[in-house]
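>
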Amino acid sequence: MNGYVGKLLYVDLGSGEIRDEPLDPEMARTYVGGSGLAARLAYDIVGDLTDPLGPENPLMVMTGPLVGTAMPSAGRCSFCALAPLTGIWGESNTGGFIGPELRFTGYDGLVITGRSERPVMLAVVDGEASLVDGTGLWGLDAYETQDCARRILDEPRARVACIGKAGENGVKMAAVMNDHGRAAGRTGMGAVMGTKNLKAIALRGGEDVPLADPEGFALVVREILGDLEEDMVATALRMAGTAGYVDMALMYGDMPIGYFQRGEWEPASQLSGVRMAEEYQKRIRACYRCPIACGRETHAPEYDLERVDGPEYESVAALGSLLMVDDLEGVIYAGHLCNVYGIDTISTGCTIALACEMFDRGVLTLEDTGGLAIHYGDVEMIHRLIEMLVHRQGFGDILAEGSVALAERFGVPELAATVNRLEVPMHDPRAFSGMAVTYALSPRGACHMQGDMYGVDTGQGPAVELDIVPGNRFEDSEEKGRIAARQHAWRSLYNAWTLCQFQNPGVERLLRAVNTATGWDLRIDDLLVLGKRLVALKRVLNFKLGLRIEDDRLPGLLLHPLDEGGTEGHVPDVDALLAGAYDELGWDPRSGKPTRSTLDALDLGFVLE
Ligand code: SF4
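First residue of the sequence shown: 39, per my numbering; consecutive thereafter.
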């Protein structure tokens, strides 16, 4: 197989069995890789009674066909399983170097089932896989674990993905951490590792990824690299990191303030990426073969910290403006705590912000919180709550279950800003109506990585060949819903390729890169078919797990117009947008299911059986 190593590694942590399985070329061509391939494998493994924290839940680590090649910004991989935080399909991708290293070990992906009786580390070194006693790693933080795993294996250059304390403690928003502070943060993949007693996955190898047309591939890579040198978005990301978006996001009303309830808050400008670059930045960081280098390394002298990874935009907003914290150094430290303990910054910030809101409204009392007064803007309290959440201490034990559990427990489910139990990320659908479709239909719950309509409508990487074109950000017509659905399908394909979404070299070049790598003869018309197939497959999988059309909704807080700021007075017309999206995706508007003819057209007829 070209573009693939051609093998998957299956590991049963219960029995200790480890075996290779060939990757079926037809399966790769149909479901591509990353979360697409993982969803197809999951479809056969999971049933409606599969417990996300049960041993039968398969944890899959999957790469795409360009990972580990010379293709720039193609070094991501996906961690997928049923999600502890949401109970539905979970996928979370991460950058750094762990994805390419997996391919260098001679595998396209890992499928891990069962539960070990004792803590273990899965080590794959030069094609040899083994389970190593991980007792000595248990209790270490995510950074210590990565270092210690390398020492245990005597492999100083091994790449390690691991959990911190949060994963060990079954915190529902626990992340998988790799390459220092890179994170597969969303939906609780760290809790899946924790419940399996799998503390770490360490990888080291030297295999090449075979290419169908090495010269053609090298040519298109050179063209992409040449274009990236001139690319404005790439330059901005390199200079100010993703937090460079803060000022623009505030102008659009895209960056949430005070748990999605305020349109303006002047101190938020203190959180800008430019300020971070000037006052706190130490280095810029890049993932494998990425010339964009949006990663930041900062420091926090007030907290005696010489090195912090990040924070990027989502963390700055979730731990800053959402909580009405304008102390940038305090936000940097909060992000550091999340990295060290291995928790998702978005779900953590959202859940604590919900607690602030509930306390302000009198829903939570001092008696409920163990005597803690929880207010917006109190950065020291936020640090304390992160510690309590990770260690499940006192009120932190409730926070560790996420926003929906918190709101339901105190009788205010309508206050949770979530879609399908996943906390809404830091892009407000009142600022970009198309995001309403992205959030409502995302297969993992509210997710900005499943169709970045804020990027489309600000002209960042539109795919005109696929009829994905920028327009009025407030438009909420059926036609806008169709565009958002196409972007959803396009980004689903990106997620299967495991490509970074900050890299948008154009449809024609991407197509050439994939075809010269794999030897396929994909044409432009095939791309949205592929993307829609992946969207439909995850939809069917989620329906198998209990999701219904009634769950395609936005939380009430986001449908409340703000009386100031960049979204003043606007809320998206979700019904009109979704009508267009269902039509574009070929789904029945009454049931929300892909129709029989859609399934047949997408070669998904097998699900009807
Ligand atoms: S743009 Fe940023 S996140 Fe994307 S591959 Fe490059 S360094 Fe990694």
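Cβ atoms here follow ideal geometry from the backbone N, Cα and C, with glycine treated the same way.
1. Under the rule that 16 or more other beta-carbon atoms within 10 Å means buried, what is F135, buried or exposed?
2. Could you check which residue in Y379, L404 and H465 has the C-alpha nearest to that of M426?
3. Span of the alpha helix (DSSP H) holding M491?
4. To the nearest angstrom, how far is it from the Cα of E267 to the Cα of E302?
5. What residue from R141, D406 and V573 has the CA that sits closest to Y620's CA?
6. For A411, is the classification buried or exposed, using 16 other Cβ atoms within 10 angstroms of its Cβ as the cut-off for buried?
7. Cα separation between R220 and Q308?
8. What does the alpha-carbon distance come out to for the pair P339 and G449?
9. If you compare alpha carbons, which of D406, M227 and L241 is closest to V170?
10. Quick one: is P138 buried, meaning 16 or more other Cβ sit within 10 Å of its Cβ, or exposed?
11. Please report the residue range of the alpha helix (DSSP H) in which Y620 lies.
12. Quick check on DSSP: helix, strand or coil for L343?
13. Ignore the nearest five residues each way along the sequence and tell me which others in I562's own chain have a CB closer than 8 Å to its CB.
14. How about C115: is its Cβ closer than 7 Å to a heavy atom in the ligand SF4?
15. Taking its Cβ as the centre, do 16 or more other Cβ atoms sit within 10 Å of F581, making it buried, or is it exposed?
16. For the stretch 176-183 against the stretch 137-151, do three or more pairs of beta-carbon atoms, one drawn from each stretch, fall closer than 8 Å, so that the two count as touching?
17. Relative to the alpha-carbon of D446, which residue among L402, M487 and G472 has its alpha-carbon at the smallest distance?
18. Could you tell me if R577 is buried or exposed, where buried requires 16 or more neighbouring beta carbons within 10 angstroms of its beta carbon?
19. Using CA coordinates, which residue listed in F433, A315 and A474 is at the minimum distance from R276?
20. If we count the other Cβ atoms within 10 Å of its Cβ and call it buried at 16 or more, is N131 buried or exposed?
21. Enumerate in chain order the residues of its own chain whose CB-to-CB distance from R321 is below 7 Å, with the five nearest sequence positions on each side excluded.
22. Cβ of G333 within 7 Å of any heavy atom in the ligand SF4?
23. Return the chain-ordered list of same chain residues with a C-beta closer than 6 Å to the C-beta of E452, the five sequence neighbours on each side being excluded.
24. Only counting the same chain, and skipping five residues up and downstream in sequence, which positions put a Cβ closer than 7 Å to that of E261?
25. When you compare only the Cα positions, how much space is there between F255 and G557?
26. Compute every distance between the C-beta of I330 and the non-hydrogen atoms of the ligand SF4, then say whether any falls below 7 Å.
27. According to the neighbour-count rule (16 or more other Cβ atoms, all chains shown, within 10 Å of its Cβ), is T389 buried or exposed?
28. So is the beta-carbon of L275 under 7 Å away from any non-hydrogen atom of the ligand SF4?
29. State the DSSP-derived secondary structure class of V2, mapped to helix, strand or coil.
30. Specify whether the stretch 360-369 and the stretch 288-298 touch according to this definition: at least 3 beta carbon pairs, one from each stretch, less than 8 Å apart.
31. Do V43 and E245 have their C-beta atoms within less than 8 Å of each other?
32. Would you check whether the ligand SF4 has a heavy atom nearer than 7 Å to the C-beta of S130?
33. Determine the extent of the beta strand (DSSP E) in which K237 is found, giving its start and end residues.
34. Taking 8 Å as the threshold, find out whether the stretch 49-68 comes into contact with the stretch 153-162 through three or more Cβ pairs.
35. Do you know how far the Cα of M98 is from the Cα of A76?
36. By alpha-carbon positions, which one of I381, P599, D185 and T280 ends up nearest to Q539?
For this structure:
1. Residue 135 sits at position 97 when you count from the first residue of the sequence shown. Flag for F135 reads buried.
2. For the purposes of this step, residue 426 is taken as the residue at position 388 of the sequence shown. Closest in C-alpha terms to M426, from the list Y379, L404 and H465, comes Y379.
3. Working through the sequence shown from its first residue, we reach residue 491 at position 453. Annotation: the continuous alpha helix (DSSP H) that includes M491 extends over M491 to D495.
4. As a first step, residue 267 must be located in the sequence shown, where it is residue number 229. As a first step, residue 302 must be located in the sequence shown, where it is residue number 264. E267 and E302: Cα-Cα distance of roughly 35 Å.
5. Locating residue 620 in the sequence shown gives position 582, counting from the first residue. For the options R141, D406 and V573, the alpha carbon positioned closest to that of Y620 is the one of V573.
6. As a working mapping, residue 411 is identified with position 373 in the sequence shown. A411 is classed as exposed because its beta carbon has fewer than 16 other beta carbons within 10 Å across all chains shown.
7. The residue labelled residue 220 in the question sits at position 182 within the sequence shown. The residue labelled residue 308 in the question sits at position 270 within the sequence shown. Whole-angstrom Cα-Cα distance: 24 Å.
8. Looking up residue 339 in the sequence shown gives position 301. Looking up residue 449 in the sequence shown gives position 411. Annotation: P339 to G449 spans about 41 Å, alpha carbon to alpha carbon.
9. Taking the sequence shown and counting its residues from 1, one reaches residue 170 at position 132. Answer by Cα proximity: L241.
10. Sequence index remark: in the sequence shown, residue 138 carries index 100 (1-based). Around the C-beta of P138, 16 or more other C-beta atoms lie within 10 Å, and the residue is accordingly described as buried.
11. Looking up residue 620 in the sequence shown gives position 582. Segment V612 to L623, the alpha helix (DSSP H) holding Y620.
12. Position 305 of the sequence shown, counted from the start, is the residue given in the question as residue 343. Here L343 carries a strand assignment [DSSP, helix/strand/coil].
13. Here residue 562 is taken as the residue at index 524 of the sequence shown, counted from 1. Non-local C-beta neighbours of I562 in its own chain, meaning closer than 8 Å and more than five positions away in sequence, comprise E503, L504, V545, E546 and L549, ordered along the chain.
14. Working through the sequence shown from its first residue, we reach residue 115 at position 77. Relative to the ligand SF4, the beta carbon of C115 is positioned no closer than 7 Å to any heavy atom.
15. Position 543 of the sequence shown, counting from 1, holds the residue named residue 581. A buried status is given to F581, since no fewer than 16 other beta-carbon atoms sit within 10 Å of its beta-carbon.
16. The stretch 176-183 vs the stretch 137-151: no contact.
17. Here residue 446 is taken as the residue at index 408 of the sequence shown, counted from 1. According to the sequence provided, residue 446 is Glu. The question's Asp does not apply to it. Nearest C-alpha to E446: L402.
18. Your numbering for residue 577 matches position 539 in the sequence shown. Only buried fits R577, as 16 or more other CB atoms lie within 10 angstroms of its CB.
19. Residue 276 sits at position 238 when you count from the first residue of the sequence shown. Sorting F433, A315 and A474 by C-alpha distance to the C-alpha of R276 places A315 at the top.
20. Stepping through the sequence shown from its first residue, residue 131 is reached at position 93. Classification for N131: buried.
21. In the sequence shown, the residue the question calls residue 321 occupies position 283. Within the same chain, Cβ atoms closer than 7 Å to the Cβ of R321 are found at E335, the five residues on either side in sequence being excluded.
22. Numbered from 1 along the sequence shown, position 295 holds the residue referred to as residue 333. Remark: the C-beta of G333 is in contact range of the ligand SF4, defined as less than 7 Å to any heavy atom.
23. The count along the sequence shown starts at 1 and reaches residue 452 at position 414. Spatial neighbours of E452 in its own chain (CB-CB distance under 6 Å, excluding positions within 5 residues in sequence) are listed in chain order as G594.
24. Here residue 261 refers to the residue found at position 223 of the sequence shown. Excluding sequence neighbours, E261 sits near R547.
25. For this step, residue 255 is matched to residue 217 along the sequence shown. For this step, residue 557 is matched to residue 519 along the sequence shown. CA-to-CA, the gap between F255 and G557 works out to about 10 Å.
26. Taking the sequence shown and counting its residues from 1, the one referred to as residue 330 is at position 292. Using a cutoff of 7 Å, the CB of I330 counts as near the ligand SF4, since one of the ligand's heavy atoms is closer than that.
27. Residue 389 sits at position 351 when you count from the first residue of the sequence shown. Per the 10 Å Cβ criterion, buried.
28. For the purposes of this step, residue 275 is identified with residue 237 of the sequence shown, where counting begins at 1. At a cut-off of 7 Å, the beta-carbon of L275 counts as near the ligand SF4: some heavy atom of the ligand is closer than that.
29. In the structure as shown, the chain begins at 39 and stops at 647. Residue 2 is therefore absent and cannot be evaluated.
30. The way I'd put it, the stretch 360-369 does touch the stretch 288-298; three or more beta-carbon pairs between them come closer than 8 Å.
31. Position 5 of the sequence shown, counting from 1, holds the residue named residue 43. Position 207 of the sequence shown, counting from 1, holds the residue named residue 245. Yes, Cβ-Cβ distance for V43 and E245 is below 8 Å.
32. Within the sequence shown, residue 130 is the residue found at index 92, counting from 1. Relative to the non-hydrogen atoms of the ligand SF4, the Cβ of S130 never comes closer than 7 Å to any of them.
33. Taking the first residue of the sequence shown as 1, we reach residue 237 at position 199. Its beta strand (DSSP E) spans residues L236 to R242.
34. Contact between the stretch 49-68 and the stretch 153-162 is present, because at least three Cβ pairs lie under 8 Å.
35. By 1-based counting over the sequence shown, the position of residue 76 is 38. By 1-based counting over the sequence shown, the position of residue 98 is 60. Going from the Cα of A76 to the Cα of M98 covers about 6 Å.
36. Position 501 of the sequence shown, counted from the first residue, corresponds to residue 539. Among I381, P599, D185 and T280, the Cα nearest to that of Q539 is on T280.
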